[in-house]
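Student: Encoded as structure tokens, here's the structure I'll be asking about.
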Amino acid sequence: MKKHVMFHGRECPHCKAMMPLVDRLEKETGLSIERLEVWHDEKNADLMRSYRPIFTPKCGGQLRVPTFFNTETNDAICGEVEYEKLKDWATK
Amino acid sequence: MKKFWRCYVCNDIHYGVKPPEICPTCAVKNAYVLISAREAKTICGAPAEADFSKDDFLTAIQKFTEDNEFMVNPDRAKVDLLFDGIFSNERNHGLKYCPCRLMCKELEEDLKIVCPCNFQIHETYKGLDKGECWCGLFIKRSKTSEVNP
Numbered sequence: 123m124k125k126h127v128m129f130h131g132r133e134c135p136h137c138k139a140m141m142p143l144v145d146r147l148e149k150e151t152g153l154s155i156e157r158l159e160v161w162h163d164e165k166n167a168d169l170m171r172s173y174r175p176i177f178t179p180k181c182g183g184q185l186r187v188p189t190f191f192n193t194e195t196n197d198a199i200c201g202e203v204e205y206e207k208l209k210d211w212a213t214k
Numbered sequence: 279m280k281k282f283w284r285c286y287v288c289n290d291i292h293y294g295v296k297p298p299e300i301c302p303t304c305a306v307k308n309a310y311v312l313i314s315a316r317e318a319k320t321i322c323g324a325p326a327e328a329d330f331s332k333d334d335f336l337t338a339i340q341k342f343t344e345d346n347e348f349m350v351n352p353d354r355a356k357v358d359l360l361f362d363g364i365f366s367n368e369r370n371h372g373l374k375y376c377p378c379r380l381m382c383k384e385l386e387e388d389l390k391i392v393c394p395c396n397f398q399i400h401e402t403y404k405g406l407d408k409g410e411c412w413c414g415l416f417i418k419r420s421k422t423s424e425v426n427p
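Just so you know, the sequences run in chain order A and B. Quick note: to get the working numbering, add 122 to the position in the first sequence (first position is 1). Quick note: to get the working numbering, add 278 to the position in the second sequence (first position is 1).
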């Protein structure tokens, strides 16, 4: 798994809205964000569930998508966010 | 702990800590008897052939919102995408789970993400002028709200 991961759902409008921002982030920073779909891929879903103790305190007590996760710092943000917030998360 | 209850007169099923005093369907008093989850599943699955389409679901949630302070999002493209996910999740995972969250494989927790969920307690809705449920299917009405799609 890469350092930066985006857990997303294929039919989640927030995830869909964030995709162009993730593309822009990759282009501007040179970072690579691994995109893992969780409703149609059980392996990805299990992986996301394994991070439940880290994600839920930051995501309203639930597993929500999109969730952006830095596997090195355990920093996670979830939901549709402004580009600058996404960039801050990625470049910390 | 919640359990299943059956009206001995009309076979209405209730899921709760205690049964309703009066059956909302047949109006008979003290009509509910405790049953097993298996019985409840069989009774509720009786009209198994009856399809519940996306149009049926849209009609149901529009009716559900009529007397509430929230409405179905008028953004039809967003609603269509969400419905694709909700129905896909029902086919693949058993219930109409929210496409913008994920099951944790604990039934009690997972029931909290079945659409419509109890979104009025969520930080994306509670106390906000333009509140909405996490996925955006339901939005708080404003004075300038459009009618349901």
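The C-beta atom is built at its ideal place from N, Cα and C for all residues, glycine as well. A quick note: this is a predicted structure, and the numbers were derived from the prediction, not measured.
1) Determine the contact status of B:K404 and B:F348, defining contact as a CB-CB distance below 8 Å.
2) Secondary structure at B:F365, three-state DSSP: helix, strand or coil?
3) If you run the structure through DSSP and keep just helix, strand and coil, what is A:M128?
4) Does any residue of chain B have a CB that is nearer than 8 Å to the CB of A:K138?
5) Less than 8 Å between the C-beta atoms of B:P377 and B:C411, yes or no?
6) Assuming contact is defined by CB atoms lying nearer than 8 Å, are A:L185 and B:C322 in contact in what I supplied?
7) Compute the beta-carbon to beta-carbon distance between A:P135 and B:L359, rounded to the nearest angstrom, for a pair I have assumed lies under 8 Å.
8) Which same chain residues, not among the five before or five after B:G409, have their C-beta less than 6 Å away from its C-beta?
9) Going along chain B, which residues have a C-beta under 7 Å from A:G182?
10) Work out the CA separation of B:G372 and A:D168 for me, nearest whole Å.
11) Compare the beta carbon distance of A:M123 and A:R157 with 8 Å and say whether it is the shorter of the two.
12) Which residue or residues does DSSP assign as beta-bridge partners of B:G372?
13) Would B:W266 pass as an interface residue toward chain A - the criterion being a Cβ-Cβ separation below 8 Å?
Tutor: On the basis of the supplied data:
1) no
2) helix
3) strand
4) yes
5) no
6) no
7) 5 Å
8) Y403, K418
9) H400, E401
10) 17 Å
11) no
12) Note: B:G372 sits in no beta bridge, so no partner.
13) Because chain B spans 279 through 427 in this model, residue 266 of chain B falls outside it and cannot be assessed.
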